[in-house]
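Q:
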Amino acid sequence: MSTLKTTTITENNQLKVNILNLINGIQSEPENANAVFRAKSKLEKGFLTDVQIRDFKFVSDEPEDLGGTDKGPNPVEYVLGAFAACQEIVIKAYATVLDIDLKSVEVKVEGNLDLHGFLNLSDERAGFKSVNYKTTIKTNEEDSEKLKLLEQLSVDRCPVLDIIKNPVEIDGTVEFKNY
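With this note's numbering applied, the sequence shown covers 269 to 447.
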């Protein structure tokens, strides 16, 4: 057996153990299922923002043709990237538990947005009108039932896909301070 194959098996075994431990922990103590994720951002100059999530820092900006300096993806592009990454993570997690050996997972996603809404030029919604994606999974798995289950789970259990597809309760305020 090659080193790569051994590393993949060991990595997948550890991933499977981690996932099953998480599932078992939540089943035994359901209150541990409530997770809170946080982000904060500060507008720096023009449309350039500094975003911090846990110990990670990155920027968001608009492309030049939308008035930015193109120093990073814009917020809606991050949503698309988050969706693609979430699909890949969900597929990897469920494939691991189902003992499906993945060779690769790739997601291409495109969001269609009418700028009339964002620019307050019409009553058009400000967000995506539609999102289209194609997920390509490379595997040697031949069990069609397992593959069908994996496909269904990738659609039904992807948190970012759920956020995009369904209304989410939002509560917040806008505060003004003198300086």
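Cβ coordinates follow ideal geometry from the N, Cα and C atoms, glycine included.
Please classify V375 as buried or exposed, where buried requires at least 16 other C-beta atoms within 10 Å of its C-beta.
A: Classification for V375: buried.
Q: Figure out for me which residue from Y401, I438, R393, E413 has the closest Cα to the Cα of E378.
A: Nearest option by C-alpha distance: Y401.
Q: Kindly indicate the opening and closing residues of the beta strand (DSSP E) around T364.
A: Note, T364: premise wrong, no beta strand (DSSP E); alpha helix (DSSP H) at 343-365.
Q: Does the Cβ of D329 have 16 or more other Cβ atoms within 10 Å, making it buried, or fewer, making it exposed?
A: With 16 or more other Cβ atoms within 10 Å, it is buried.
Q: Could you tell me which of D323, E279, P331, K371 sits nearest to T404, measuring between CA atoms?
A: For T404, the nearest C-alpha among the options comes from K371.
Q: Rounded to whole angstroms, what is the Cα-Cα separation between A394 and V344?
A: Roughly 11 Å between the two C-alpha positions.
Q: Measuring alpha carbon to alpha carbon, tell me which of V373, I368, V358, V347 ends up nearest N380.
A: Of the candidates V373, I368, V358, V347, the one whose C-alpha sits nearest the C-alpha of N380 is V347.
Q: From F305 to R322, what distance separates their C-alpha atoms?
A: Cα to Cα, the separation comes out at about 9 Å.
Q: With DSSP collapsed to three states, give me the class of S270.
A: Confidence at S270 is low in this model, with a pLDDT of 45, below 50, so the placement of that residue should be treated as unreliable; the coordinate-derived value is given next. Reduced to three states, the DSSP call for S270 is coil.
Q: Which residues in the same chain have their Cβ closer than 8 Å to the Cβ of P331, if we skip the five residues on either side of it in sequence?
A: Excluding positions up to five away in sequence, the list reads D338, N342.
Q: Identify every residue that forms a DSSP beta bridge with F386.
A: Answer is none; F386 lacks a bridge partner.
Q: So, at 8 Å on beta carbons, what are the nonlocal neighbours of V365 in its own chain, with the 5 sequence-adjacent residues on each side left out?
A: Hits under 8 Å: K284, I287, L288.
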